[in-house]
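J.:
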Amino acid sequence: MWSVLLVILALCHPVHGGECQRGQRSPGHECNAGPTLLQYGSRVRQPDVLATDMEEVTSDSCAPFEEWPNVDGVTCGGCRALVDTAPYGGRCDTYCESFDHKCVAAAEEKAETCEVLERKRCDEEIADTSDMLCTCQRESDVCWDGVGGLVAEEGNEVGKLETASLEECERSCNGNDACKSVTFCKQWGTCFLKDKSLSGMEDAQRNDHCSSYFKKRCGSAPISRPPWSGGGGGESLKVRVVSYNLYWWNAFGQNPWKSDHIIRNIKNTLKPDSIGLQECDEPHTIRDRAGLERASKFDGAQGIMVKPGAFRKGDSGSRDIQATGKWGPRYVTWVELIDPKSDRTFWHFNTHWCVHNGNGRVCNEEVRYGGAKHMLDVIKEKASDMPVVITGDFNANLDERGPQHFLKNGFKLAENAWVDCIFYSHHWELARHGTGDAAHSDHRPIFAELVLK
1 MWSVLLVILA LCHPVHGGEC QRGQRSPGHE CNAGPTLLQY GSRVRQPDVL ATDMEEVTSD
61 SCAPFEEWPN VDGVTCGGCR ALVDTAPYGG RCDTYCESFD HKCVAAAEEK AETCEVLERK
121 RCDEEIADTS DMLCTCQRES DVCWDGVGGL VAEEGNEVGK LETASLEECE RSCNGNDACK
181 SVTFCKQWGT CFLKDKSLSG MEDAQRNDHC SSYFKKRCGS APISRPPWSG GGGGESLKVR
241 VVSYNLYWWN AFGQNPWKSD HIIRNIKNTL KPDSIGLQEC DEPHTIRDRA GLERASKFDG
301 AQGIMVKPGA FRKGDSGSRD IQATGKWGPR YVTWVELIDP KSDRTFWHFN THWCVHNGNG
361 RVCNEEVRYG GAKHMLDVIK EKASDMPVVI TGDFNANLDE RGPQHFLKNG FKLAENAWVD
421 CIFYSHHWEL ARHGTGDAAH SDHRPIFAEL VLK
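The sequence shown lines up with residues 1 to 453 when you count with my numbering.
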């Protein structure tokens, strides 16, 4: 017995003191610089050796690197990059989710290169370093696009779903191997699953009730669609859209003489058919003084007004876009507008994003980007593939990910001045656009004349 014990002790020896070496901490354990018993043939986790390989993901499974946020100047091929830890709590899963991807691998880097010092779990914090290696992949390789109308040859029906949600319609098709496209009829609350594969170049007819959508590979090039073939209400519609921050607390509160100039600017110069207002505390004052008609709900002192008699109003409302800053929640407001002469319909969405930190809230590019994603979800839910205009004070430079989110999802820029923008969907042609006089506001109004094709 004693001889066996001596053999065991001979194979073990204590290692004393000293600093813990980088890369020698197991997840969930503190580094211990005291005596440690090392075991011969141990099954205890040993420090990771340097690795140069990681799970490889092909580059077409993720967004281009120029669309990745907070890359620290190093990309590693495939779908892996060296990124900043601070905005994401040192976690690759949080990082990848910030731009609608999922994490498939995470690691601590060596000397700010693509070389792996220690592998990590996606949900594990990578601490005591400013960078981390994250491998991110799209949630799905299947993306969706619309043809901008209803195709003549829809294919055979392989399923049917009662829903007013385009996303639910698309998910249903994703779960059906025979489904290649859908006909979505929002106003009827019906989704028809179809077996026909579409390219987006099919001849499509304008239809106010139903539209065709199809599966495509994520990351494929945008489609240049052919012009309308006709069908549906044929008369074109021209709309003058304006976005204007009224500077209410100053121009209508502290210095009411300024409001006279702003009101005259709206009535005599801007002359909107539809106007998105920000910092408008009293819509009834604008109604009484500028002769405009309230069209949407006003939330967060912003909403939409129209020229009296210009449109019939359909659905309208507001929703919190989950991007609260110092001054409280931020919203998207909307109204469905119908031209009484042609029965042509479009949707106007308006917003005012956060700008300041305070009151226990942080407002930054990441928060505004989250608001943009929530706002686009509302636009898709409400308008589906109908014509859309977006107005707002975005409190962001045009190159921020928030405004870019609209441009990367099918919208075009009509006009931009400072942090104010007007965007429009592919249904419109831009006839005129410009920037007006501030008229004692702290923002210059912007306008766009759009023709509904």
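Just so you know, even glycine gets a beta-carbon here, dropped at the ideal spot from N, CA and C.
The structure displayed is predicted, hence computed values, not measured ones.
So, with DSSP's three-state summary, where would you put residue 451?
T.: Position 451 of the sequence shown holds residue 451. Residue state, collapsed to three classes: strand.
J.: What are the partner residues of residue 302, as DSSP defines its beta bridges?
T.: Translated into the one-based positions of the sequence shown, residue 302 becomes position 302. According to DSSP, which records beta bridges pairwise, residue 302 is partnered with 299.
J.: Are residue 137 and residue 62 touching if we call contact CB-CB under 7 Å?
T.: As a position in the sequence shown, residue 137 is number 137, starting the count at 1. As a position in the sequence shown, residue 62 is number 62, starting the count at 1. For residue 137 and residue 62, yes; Cβs fall inside 7 Å.
J.: What are the residues that DSSP puts in a beta bridge with residue 84?
T.: Indexing the sequence shown from 1 puts residue 84 at position 84. DSSP, once it has assigned bridges, lists 131 as partnering residue 84.
J.: Could you pull the DSSP bridge partners for residue 350 from this structure?
T.: Locating residue 350 in the sequence shown gives position 350, where the first residue counts as 1. According to DSSP, residue 350 bridges with 333, 391.
J.: Ignore the nearest five residues each way along the sequence and tell me which others in residue 144's own chain have a CB closer than 8 Å to its CB.
T.: Residue mapping note: residue 144 aligns to position 144 of the sequence shown, counting from 1. Hits under 8 Å: 170, 213, 214, 215, 216.
J.: Taking the straight line between their C-alpha atoms, what separation do you get for residue 159 and residue 153?
T.: Residue 159 sits at position 159 when you count from the first residue of the sequence shown. Residue 153 sits at position 153 when you count from the first residue of the sequence shown. Roughly 17 Å between the two C-alpha positions.
J.: Between residue 455 and residue 211, is the Cβ-Cβ spacing less than 7 Å?
T.: The question about residue 455 has no answer here: the residues shown for the chain are numbered 1 through 453.
J.: Looking only at its own chain, which residues have a Cβ that is under 6 Å from the Cβ of residue 321, when we skip the five neighbours before and after it?
T.: Here residue 321 refers to the residue found at position 321 when the sequence shown is read from its first residue. 330, 332, 371, 374, 375.
J.: Rounded C-beta distance between residue 118 and residue 133? I'm assuming under 8 Å.
T.: Counted from its first residue, the sequence shown places residue 118 at position 118. Counted from its first residue, the sequence shown places residue 133 at position 133. Going by Cβ atoms, the distance from residue 118 to residue 133 rounds to 10 Å, so no, they are not a contact pair.
J.: Compare the Cα-Cα distances from residue 327 to each of 422, 355, 82, 256 and report the closest residue.
T.: Here residue 327 refers to the residue found at position 327 when the sequence shown is read from its first residue. Out of 422, 355, 82, 256, 355 has the C-alpha closest to the C-alpha of residue 327.
J.: Using a 10 Å radius around the Cβ and a threshold of 16 neighbouring Cβ atoms, would you call residue 249 buried or exposed?
T.: As a position in the sequence shown, residue 249 is number 249, starting the count at 1. So residue 249 ends up on the exposed side.
J.: Mind the definition here: the stretch 344 to 362 touches the stretch 432 to 440 only if three or more C-beta pairs lie below 8 Å; say whether that holds.
T.: Contact fails: fewer than three Cβ-Cβ distances are below 8 Å.
J.: Quick one: using the 10 Å Cβ neighbour count with 16 as the cut-off for buried, is residue 202 buried or exposed?
T.: Taking the first residue of the sequence shown as 1, we reach residue 202 at position 202. Buried.
J.: Under three-state DSSP, which class holds residue 444?
T.: Reading the sequence shown from its first residue, position 444 is the one you call residue 444. Looking at residue 444 - three-state DSSP - the assignment turns out to be coil, as it is neither helix nor strand.
J.: Can you tell me which of 122, 107, 121 puts its alpha carbon nearest to the alpha carbon of residue 115?
T.: As a working note, residue 115 is residue 115 in the sequence shown. Nearest of 122, 107, 121 to residue 115, Cα basis: 107.
J.: What does a CB cutoff of less than 7 Å around residue 369 pick up in its chain, not counting 5 residues either side in sequence?
T.: Walking along the sequence shown from the start, residue 369 turns up at place 369. Around residue 369: 401, 402, 405.
J.: Using 7 Å as the threshold, is the C-beta distance between residue 317 and residue 297 below it?
T.: The sequence position of residue 317 within the sequence shown is 317, counting from 1. The sequence position of residue 297 within the sequence shown is 297, counting from 1. Yes; because the gap between Cβ atoms is below 7 Å, this pair is in contact.
J.: Where DSSP assigns a beta bridge to residue 145, which residues make up the other side?
T.: Looking up residue 145 in the sequence shown gives position 145. 214.
J.: Which term fits residue 271, buried or exposed, when burial requires 16 or more other beta carbons within 10 angstroms of its beta carbon?
T.: On the sequence shown, position 271 is the one that residue 271 refers to. By the 10 Å Cβ count, residue 271 comes out exposed.
J.: Taking DSSP as the reference, what is the three-state secondary structure of residue 184?
T.: Against the sequence shown, residue 184 aligns to sequence position 184. Reduced to three states, the DSSP call for residue 184 is strand.
J.: Expressed to the nearest angstrom, what Euclidean distance is found between the alpha-carbon atoms of residue 121 and residue 79?
T.: Walking along the sequence shown from the start, residue 121 turns up at place 121. Walking along the sequence shown from the start, residue 79 turns up at place 79. The alpha-carbon atoms of residue 121 and residue 79 are separated by roughly 17 Å.
J.: Between the beta-carbon of residue 205 and the beta-carbon of residue 150, is there less than 7 Å?
T.: Taking the first residue of the sequence shown as position 1, residue 205 is located at position 205. Taking the first residue of the sequence shown as position 1, residue 150 is located at position 150. Cβ atoms of residue 205 and residue 150: closer than 7 Å.
J.: Whose CA, out of 380, 261, 394, 294, lies closest to the CA of residue 325?
T.: The sequence position of residue 325 within the sequence shown is 325, counting from 1. Closest option to residue 325, Cα to Cα, is 394.
J.: Secondary structure at residue 409, three-state DSSP: helix, strand or coil?
T.: The residue you call residue 409 lines up with position 409 of the sequence shown. Looking at residue 409 - three-state DSSP - the assignment turns out to be coil, as it is neither helix nor strand.
J.: What does the alpha-carbon distance come out to for the pair residue 398 and residue 157?
T.: To locate residue 398, count along the sequence shown from 1; it is residue 398. To locate residue 157, count along the sequence shown from 1; it is residue 157. Cα to Cα, the separation comes out at about 43 Å.
J.: Please classify residue 254: is it buried, with 16 or more other beta-carbons within 10 angstroms of its beta-carbon, or exposed?
T.: Your numbering for residue 254 matches position 254 in the sequence shown. With fewer than 16 Cβ atoms within 10 Å of its Cβ, residue 254 is classed as exposed.
J.: From residue 303 to residue 279, what distance separates their C-alpha atoms?
T.: What you label residue 303 is simply residue 303 of the sequence shown in a count that begins at 1. What you label residue 279 is simply residue 279 of the sequence shown in a count that begins at 1. Cα-Cα distance, rounded: 9 Å.
J.: With a 10 Å radius around its C-beta and 16 neighbouring C-beta atoms as the bar for buried, classify residue 334 as buried or exposed.
T.: Counted from its first residue, the sequence shown places residue 334 at position 334. Its Cβ being crowded by 16 or more others within 10 Å, residue 334 is buried.
J.: Tell me the residue span of the beta strand (DSSP E) that contains residue 245.
T.: Here residue 245 refers to the residue found at position 245 of the sequence shown. 237 to 245 is the span of the beta strand (DSSP E), which, as asked, contains residue 245.
J.: Tell me, which residues are paired with residue 428 by DSSP?
T.: Reading the sequence shown from its first residue, position 428 is the one you call residue 428. BP columns for residue 428 point to 452.
J.: Considering only the beta carbon of each residue, do residue 243 and residue 422 sit closer than 7 Å?
T.: Working through the sequence shown from its first residue, we reach residue 243 at position 243. Working through the sequence shown from its first residue, we reach residue 422 at position 422. Their beta carbons are under 7 Å apart, which means residue 243 touches residue 422 by this criterion.
J.: Tell whether a beta-carbon distance below 7 Å holds between residue 246 and residue 262.
T.: By 1-based counting over the sequence shown, the position of residue 246 is 246. By 1-based counting over the sequence shown, the position of residue 262 is 262. Against a cut-off of 7 Å, the Cβ pair of residue 262 and residue 246 comes out as a contact.
J.: Please state whether DSSP places residue 361 in a helix, a strand or coil.
T.: One-based indexing of the sequence shown puts residue 361 at position 361. Of the three classes helix, strand and coil, the one that applies to residue 361 here is strand, per DSSP.
J.: Can you tell which of 208, 190, 189, 183 has the C-alpha that lies nearest to the C-alpha of residue 197?
T.: Taking the first residue of the sequence shown as position 1, residue 197 is located at position 197. The shortest C-alpha separation from residue 197 is found at 183.
J.: What would DSSP say about residue 436, mapped onto helix, strand or coil?
T.: Within the sequence shown, residue 436 is the residue found at index 436, counting from 1. Reduced to three states, the DSSP call for residue 436 is coil.
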